[in-house]
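This report refers to the structure that appears directly beneath it.
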Amino acid sequence: MAVPGIAASLFPVPKARIVPTTPAKPPTPHCLPLHRNHCHSPDILQWGSRSVLRRTALRLALAALAVPALALAACGGDDDGAAGDAAADLVTANVSCKDLNVAAPARIKSAGKFVVASDLSYAPMEFVKPGSNEAIGADIDFARCIAEAWGVTLEVQNTSFDAIIPALTSKKVDVIMSSMSVTDERKQQVDFVEYLVAGSGILVKKGNPKNIKSLADLCGKKVAIQVGTVQIDEAEEQNTRCAQKIQVTTFEQNTDTITAVSSGRADAALMDYPVAAYGARQVKSTEVVGEQYNTGPYGIAIRKDDTEVRTAIQAALAAMKEKGKYEAILKYWGLEAGALK
Numbered sequence: 000m001a002v003p004g005i006a007a008s009l010f011p012v013p014k015a016r017i018v019p020t021t022p023a024k025p026p027t028p029h030c031l032p033l034h035r036n037h038c039h040s041p042d043i044l045q046w047g048s049r050s051v052l053r054r055t056a057l058r059l060a061l062a063a064l065a066v067p068a069l070a071l072a073a074c075g076g077d078d079d080g081a082a083g084d085a086a087a088d089l090v091t092a093n094v095s096c097k098d099l100n101v102a103a104p105a106r107i108k109s110a111g112k113f114v115v116a117s118d119l120s121y122a123p124m125e126f127v128k129p130g131s132n133e134a135i136g137a138d139i140d141f142a143r144c145i146a147e148a149w150g151v152t153l154e155v156q157n158t159s160f161d162a163i164i165p166a167l168t169s170k171k172v173d174v175i176m177s178s179m180s181v182t183d184e185r186k187q188q189v190d191f192v193e194y195l196v197a198g199s200g201i202l203v204k205k206g207n208p209k210n211i212k213s214l215a216d217l218c219g220k221k222v223a224i225q226v227g228t229v230q231i232d233e234a235e236e237q238n239t240r241c242a243q244k245i246q247v248t249t250f251e252q253n254t255d256t257i258t259a260v261s262s263g264r265a266d267a268a269l270m271d272y273p274v275a276a277y278g279a280r281q282v283k284s285t286e287v288v289g290e291q292y293n294t295g296p297y298g299i300a301i302r303k304d305d306t307e308v309r310t311a312i313q314a315a316l317a318a319m320k321e322k323g324k325y326e327a328i329l330k331y332w333g334l335e336a337g338a339l340k
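In structure tokens form, the structure reads like this:
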């Protein structure tokens, strides 16, 4: 589906191939409050995460919550027939970048593929299209565009966020594209090419019963956070100023933090702002409070000695911006406010 106002550079693009790298974990019962009545818990493939952004509309419904598995626990009932239609309508930004003709790194050109590590549990940035094995999202579209500009295919290795930097440093993948915030700690391990600006947000139960408006209000509260994310550091820093400490519970999947809030097991969840806003639109029993905070850049992570790949990615991003493809992808996913100037 083309984006209104984007000119004729939009064509159908190939699907991103997903290669799972994180071992499956035992199934966990899920029933997210999406106006359905009964809950079952079939086998769930655990796929193994991360800020002022407007969401593309209701045709993306349910995606955020279908991400951590190819099949979430099925919630029965037929009072939400639109959900299946919305999931079926999920597509990628049809932005072709084959005309950019950017020189590919020699190693990647020889291999014929660009291998990207991504934790596909973080809609709208990277996730699995419900009912399929197709990776979609803004980061996936950026990765696909880079691969096309280089004249190679894209391979996405689905990797849990806490294992994603080791996957890069051990040379299992070429880069990381997974809504990764650029931090001083991460800079000690990898280099970054910055491409987007985002911040953190606070998700709470609808109606905000605990009257949470900022990080300071989390003192003494139960807070859910995905492992390996900058929000863990934010909570720890806030705890140094709390008389009553924040009670942090960590989860493998960001979607589980949303479930913890909706079910009342947590008073709030911390995550990147666009993901929190997207989640609140899908889980109507939750909402985002306050403004985004701690804004900063997302970066494509590259091994420190991989200067050829860094230079080639910088060239591809520059070409994407020059030809309007960078803006087209952001517009499709509703992320224009996060554009890096």
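Going by numbering that gives the first Met the number 0, the final residue of the sequence shown carries number 340, and the count climbs one at a time with no gaps.
Ideal Cβ placement from N, Cα and C applies to all residues, glycine included.
All values reported here derive from a predicted model rather than from experimental measurement.
Spell out the partners DSSP gives I299 in its beta bridges. V192
Would you please state the rounded distance, in angstroms, between the beta carbons of A122 and G136? I believe it to be under 8 Å. Their Cβ separation, rounded to whole angstroms, is 6 Å, which keeps A122 and G136 in contact under 8 Å.
Looking only at DSSP bridge pairs, what is S180 linked to? Its beta-bridge partners are Y297.
For T152, the three-state DSSP class (helix, strand or coil): strand
Where does T91 land, buried or exposed, given buried means 16+ other C-beta within 10 angstroms? buried
From V192 to P104, what does the alpha carbon distance come to, in whole angstroms? 15 Å
Apart from the five residues on each side of it in sequence, which residues of its chain come closer than 6 Å, Cβ to Cβ, to E147? C96 and K97
Supposed close pair K108, V151 - CB separation, criterion 8 Å: 7 Å
In three-state terms, what does DSSP make of V94? In the three-state reduction of the DSSP assignment, V94 falls in the coil class.
Note down the Cα distance separating G298 from Y194, rounded to an integer number of angstroms. 6 Å
Residue burial classification, A242 (beta-carbon count within 10 angstroms, cutoff 16): Classification of A242: exposed, given that the 10 Å Cβ count is below 16.
If you draw a straight line from the alpha carbon of K244 to that of N293, how long is it in whole angstroms? 20 Å
Rounded Cβ spacing between V174 and A300 (contact assumed at less than 8 Å): 6 Å
Between the C-alpha atoms of M270 and E286, what's the straight-line distance to the nearest angstrom? 13 Å
Bridge partners - Y325, DSSP secondary structure assignment: Y325 pairs with nothing; no bridge assigned.
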